[in-house]
Every structure is written in structure tokens, then in C-alpha cells.
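Peer 1: Pasting in a structure now, in C-alpha cells, and then I'll have a few things to ask.
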Amino acid sequence: MQTQKQNLPFAGLTLKMYSTGKQSPKFEFQASSTKSQFQCSLTKKLYRLDQIHEWLNSPQIQQYVRAGYVAKWGSKVTQGEPTQYSNGMKLEITYYMVKPYNKSGYNPQSQMQQPQQSYQQAKQGYQLTDDKLPNSPREEIDWAKESATDFNPEQYEQELG
Numbered sequence: 007m008q009t010q011k012q013n014l015p016f017a018g019l020t021l022k023m024y025s026t027g028k029q030s031p032k033f034e035f036q037a038s039s040t041k042s043q044f045q046c047s048l049t050k051k052l053y054r055l056d057q058i059h060e061w062l063n064s065p066q067i068q069q070y071v072r073a074g075y076v077a078k079w080g081s082k083v084t085q086g087e088p089t090q091y092s093n094g095m096k097l098e099i100t101y102y103m104v105k106p107y108n109k110s111g112y113n114p115q116s117q118m119q120q121p122q123q124s125y126q127q128a129k130q131g132y133q134l135t136d137d138k139l140p141n142s143p144r145e146e147i148d149w150a151k152e153s154a155t156d157f158n159p160e161q162y163e164q165e166l167g
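In the working numbering, each residue's number is its place in the sequence shown (first place is 1) plus 6.
The following block contains the structure:
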């Protein structure tokens, strides 16, 4: 079966911040927290900062997630038309989807599809002492609930022999 490579268009959320005319260490760019919103490059829909998860769960972006893309942050400074209030400089902050770099055969999709180790398999490497280890995660949780004040020195001495 031949797999077809998909070239997906750029997908990102961009927030524009405008120049304050000040220099560092003061803030060089600013945006109103109540009015500024991220704009989707695909749908042009606007999202607030607390709605980024909604963007990630949208059908258009889920296509990227299923294709193995990951999210990254980036920014760039652009020069626009100067006005009486600003020198025209803008900072664009973008949250975008990118295909991860595939180094020497690493495939993130195949990593995710591998079955998880069972509890018993994961536990096998830790049997370095003669302590009795729990047989299931439930027993381990019950053991962890025991109070540290439940220590009985007489029982401890008996166990040591």
C-alpha cells in the first residue's frame, strides 16, 4: 500500500502587539488583555488566550494532530505604517503547528501506538531487595495509605529474627 504525503497549509494562532515607542528594559510592545485575540490562519476565527484548547480541538487542527504535528511558539517583528501614536512596529506572536524533525528513523506515531508495559513487567526491574512488593497497583495504593505512626518496633524485631 502506497502512502500519500500530505502538504498541509500553515496553521497557527497569531496575536499582534503594537509598539509603545519605549526601549528595553521597559515594555517595547503591548496589547490590551481585554480586546486582543489570537486569529486563526485557516479560519480567521478569533480566540482568546483561554480558548487555545478549543482551537486545538477544532476539526481543522485535529487533522494536524493526527498527522503527527506538534505545537510551537514563535514571534516576529514587522514594520507597518507609522502613525501619530506608534512608530509602526508590530510584534506578532504565533502559536503554530509544525511537523517534528524526523531524526534517524524516529517516528512519533509509532511511539504512541506501542502498547504500554503491564504493571508486572514494569515492576520486574525493581526487585532488588527482599521486601515484598505489591502485586497490583491497587495494593500499592493501599500500602501507601498506611500511616507512618503505625510502626510497631516489636513486630519489626520479630521480622528481623
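All C-beta atoms in this analysis are idealised placements derived from N, C-alpha and C, irrespective of residue type, glycine included.
Model, not experiment: these values are computed from the prediction.
1. With distances taken Cα to Cα, identify the nearest neighbour of Ser47 among Leu21, Thr84, Gln29.
2. Cβ of Gly80 less than 9 Å from any chain B Cβ?
3. CA-CA distance, Pro88 and Ser25?
4. For a test of the three-state rule: what should DSSP assign to Cys46, helix, strand or coil?
5. How long is the line joining the alpha carbons of Ser81 and Phe16, rounded to whole angstroms?
6. Suppose the cutoff is 8 Å on Cβ atoms and the five residues either side in sequence are ignored; what does the same chain contact list for Glu163 look like?
7. Taking the alpha-carbon positions, what's the Met95 to Tyr107 distance?
8. Let me check understanding here. Comparing Cα to Cα, which of Leu19, Gly74, Leu97 lies closest to Asp56?
9. Could you tell me the boundaries of the alpha helix (DSSP H) in which Glu60 lies?
10. Comparing C-alpha positions only, which one of Thr40, Val104, Ser64 sits nearest to Gly74?
11. Could you say which of Lys28, Asn63, Tyr53 lies nearest to Thr40 if we only look at CA atoms?
12. Sorry if obvious, but does the Cβ on Ile67 come closer than 8 Å to a heavy atom of the ligand SAM?
Peer 2: Well, looking at it:
1. On the sequence shown, residue 47 is found 41 positions in, with the first residue counted as 1. The residue among Leu21, Thr84, Gln29 with its C-alpha nearest the C-alpha of Ser47 is Leu21.
2. Checking the listed chains, one finds no chain B in this structure; it contains a single protein chain.
3. For the purposes of this step, residue 88 is identified with residue 82 of the sequence shown, where counting begins at 1. For the purposes of this step, residue 25 is identified with residue 19 of the sequence shown, where counting begins at 1. Cα-Cα distance, rounded: 10 Å.
4. Stepping through the sequence shown from its first residue, residue 46 is reached at position 40. Cys46 falls in the strand class under three-state DSSP.
5. Looking up residue 81 in the sequence shown gives position 75. Looking up residue 16 in the sequence shown gives position 10. Roughly 15 Å between the two C-alpha positions.
6. Within the sequence shown, numbered from 1, the residue matching residue 163 stands at position 157. Nothing listed; no residue qualifies.
7. As a first step, residue 95 must be located in the sequence shown, where it is residue number 89. As a first step, residue 107 must be located in the sequence shown, where it is residue number 101. Put simply, the backbone Cα of Met95 is about 32 Å away from that of Tyr107.
8. Sequence index remark: in the sequence shown, residue 56 carries index 50 (1-based). Cα-wise, what sits closest to Asp56 is Leu19.
9. Locating residue 60 in the sequence shown gives position 54, counting from the first residue. It spans 58–62 - the alpha helix (DSSP H) in which Glu60 sits, taken as one unbroken run.
10. Locating residue 74 in the sequence shown gives position 68, counting from the first residue. For the set Thr40, Val104, Ser64, the Cα lying nearest the Cα of Gly74 is the one of Val104.
11. What you label residue 40 is simply residue 34 of the sequence shown in a count that begins at 1. Nearest C-alpha to Thr40: Tyr53.
12. This structure lacks the ligand SAM, and indeed carries no ligand of any kind.
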